[in-house]
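Residue numbers (my numbering): 1 to 496. Even for Gly, the Cβ is constructed at its ideal location relative to N, Cα and C.
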Amino acid sequence: MINLMNFYALVFLVFLLFVAFLGYCLYIKHIHMKYDHIPGPPRDRYVKRLVVLAADANVKLVVVSSLTVIYRAKIYGPVYKIYILHYVILGVNCPEATKEILMSSKYPKDSFYKRLSNLFGQRFLGNGLVTARDHKQWYKQRRIMDPAFSSLYLRGLMGAFNDRAEKLMSKLTDIADSKAETHMLNLMNCVTLDVIAKVAFGVDLDLLNNSSPFPKAIETCLKGMTYYARDFFFELKPTNWSFINEVREACRLLRKTGAKWIHERKTAMGNGEDVPKDILSQIIKSAGQGYLSLKDEEFMLDNFVTFFIAGQETTANQLAFCTMELARHPHVVRQEVDDVIGMKQDISYDDLGRLIYLSQVLKETLRIYPTAPGTSRELPEDMVIAGIHIPGGCSCFFSPYVTGRLEKFFKDPLTFDPDRFHPDAPKPYYCYYPFALGPRSCLGQNFAQMEAKVVMAKLLQRFDFTLVPGQSFDILDTGTLRPKSGVLCSVRHRNH
Ligand code: HEM
């Protein structure tokens with residue numbers, strides 16, 4: 001009797017599963033019918049692609065994806081759709097729509113950001129500034145953080161920028177003396193991590209002379225983030241489990257470090273010590289005063305990790321790409337550096353304003369290599385993009401990587417030409433946005449470009465660098481874009 005009941009229960013369960021599966025298939029069909037009029041690659045390619053992704057975990061971290069997005073933009077035009085089961089993502093490279101959507105707070109960040117709040121079950125960016133999707137919650141944090149990025153406050157950071165860049169110059173002096181070759185990306189990672197640790201959190205790491213687990217932890221988190229966000233089947237493969245544990249461990253290390261540094265800062269505040277009004281102080285402020293719940297503590301750590309990661313990797317990659325381009329085409333920028341800073345050791349805030357051509361070089365670097373290659377938004381309501389009716393309820397992806405490499409926006413797009421950003425040249429119209437645009441644009445843009453200018457100006461002032469032959473110029477897409485070769489250079493002292 002019991003066996004018979006079990007049997008009926010099992011049949012009923014299978015029936016329910018079948019009905020649920022059928023319902024889901026019908027739902028997917030309904031969604032596809034809604035969006036099928038939008039141009040885009042045929043659907044069967046996704047099935048094949050999902051199978052390939054599931055079969056080979058390595059395919060995702062290569063250049064292929066970057067080439068695919070450009071190809072699609074060329075073939076399908078200003079807006080095209082991609083289906084991932086019932087999700088619909090639109091690739092948008094229409095300047096008018098980019099302006100309308102990114103410049104408004106009506107369009108929240110999409111569910112991709114929700115996925116970044118945890119990596120494989122371990123809290124990562126949580127509800128910090130980059131990942132917060134609720135406007136009110138984001139706005140409150142952004143207002144509190146703003147003072148740490150005011151131009152007055154940033155001026156005061158010139159000492160720290162100079163100081164950390166000087167450590168890099170000492171390292172490069174040793175390298176030039178020993179005639180060794182060096183990976184510029186590694187060195188740039190050390191400097192930008194030194195800068196963010198000192199300026200944002202008041203901690204001296206001196207990574208060019210000390211070893212530290214942080215660079216590896218950041219790299220592991222970013223790699224994990226790419227797999228986790230792009231491959232829904234990644235966790236199912238036992239061969240990935242040890243890597244997944246490494247990612248969880250790396251997230252925990254960053255958060256534990258945050259907890260320790262926040263605790264030390266709070267103790268200093270409690271003892272009435274004079275503490276800087278830096279990012280760490282603002283993070284502590286954003287969690288509120290008095291008793292803090294576990295939720296408040298977690299929230300502080302979300303922003304700690306956000307700044308630790310957002311404030312370092314993208315700038316290091318920009319500096320490495322810039323070095324790579326300047327080494328490929330020895331450049332007139334050196335003359336400007338000599339004219340503005342000569343043999344001076346300390347670069348002032350006013351000098352930065354006079355390094356106009358260097359600004360153009362840095363902008364052009366981010367046109368071809370936007371190190372944070374995109375942002376995405378949810379479309380809650382119907383709208384029209386490039387004359388095509390778009391039903392609400394989908395996500396839009398905006399990529400400065402794509403628009404920066406399209407001939408229709410930039411003539412001869414693969415040529416590195418800083419004159420595109422000459423002060424008298426027409427400004428690109430919503431097709432150049434390496435720091436995103438509008439309310440959710442990068443808070444650290446000025447910080448990053450001041451830091452990058454100080455490092456590049458000192459490098460150009462003192463050294464000649466050439467690329468070691470035979471390396472690739474490929475781009476590695478690990479969530480952020482970085483030079484695959486690591487930019488292997490030989491460095492010599494300049495003959496002034
Ligand atoms: C070359 C260097 C940098 C580039 C290319 C860059 C690019 C970007 C981009 C594209 C976004 C939007 C992300 C999205 O929508 O998903 C962003 C956001 C952000 N970035 Fe940067 N970033 C750089 C450096 C920095 C630095 C140095 C800091 C901090 C010191 C920083 C802090 C932030 C923060 C806090 C946000 C979130 C802003 C918000 O939503 O309110 N970034 N960045």
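If you check the C-beta of glutamine 282 against the ligand HEM, you find no heavy atom less than 7 Å away. Runs of alpha helix (DSSP H) with 4 or more residues, each lying fully within the region 163-250, are found at 184-201 and 214-230, listed in chain order. Taking 8 Å as the cut-off, the beta carbon of asparagine 317 is found closer than this to the beta carbon of threonine 371. Boundaries of the alpha helix (DSSP H) harbouring proline 400: 400-404, taken from the DSSP string. Taking the Cβ of glutamine 318 as the reference point, at least one heavy atom of the ligand HEM falls within a distance shorter than 7 Å.
At a threshold of 7 Å, glycine 438 does not count as near the ligand HEM, since its beta carbon sits no closer than that to any of the ligand's heavy atoms. By the criterion of at least three beta-carbon pairs nearer than 8 Å, the region 129-144 is not in contact with the region 234-243. Per DSSP, the beta-bridge partners of proline 483 are Ile475. Restricted to the region 265-321, the alpha helix (DSSP H) segments that are unbroken, complete and at least 4 residues in length are 279-286 and 294-310, listed in chain order. Exclusion of the five residues before and after threonine 220 leaves Glu246, Val247 and Ala250 as the residues of its chain whose Cβ lies within less than 6 Å of its Cβ. Our two residues, glutamate 407 and proline 413, have alpha carbons roughly 6 Å apart in a direct line. Straight across, the Cα-Cα distance linking leucine 443 with proline 147 is about 11 Å. In the structure shown, the three-state DSSP call for serine 348 is coil. Every unbroken stretch of the alpha helix (DSSP H) spanning 4 or more residues and falling wholly within the region 72-116 is given here in chain order: 95-102 and 111-115.
Across the structure, leucine 253 and alanine 217 are spaced so that their CA atoms are roughly 7 Å apart.
The three-state secondary structure of serine 359, taken from DSSP, is helix. Here glycine 91 is near isoleucine 82, since their CB atoms are less than 8 Å apart. Counting the other CB atoms within 10 Å of its CB gives glutamine 312 a total of 16 or more, which places it among the buried residues. Taking the C-beta atoms as reference points, glutamate 325 is found no nearer than 8 Å to leucine 355.
According to the DSSP assignment, serine 151 belongs to the alpha helix (DSSP H) that extends over 151-155. With 16 or more other Cβ atoms from the protein chains shown falling within 10 Å of its own Cβ, threonine 182 counts as buried. Rounded to whole angstroms, the Cβ separation of valine 305 and leucine 125 is 6 Å, and the two are in contact under 8 Å. Of the residues assessed, alanine 9 falls on the exposed side of the cut-off, its CB having fewer than 16 other CB atoms within 10 angstroms.
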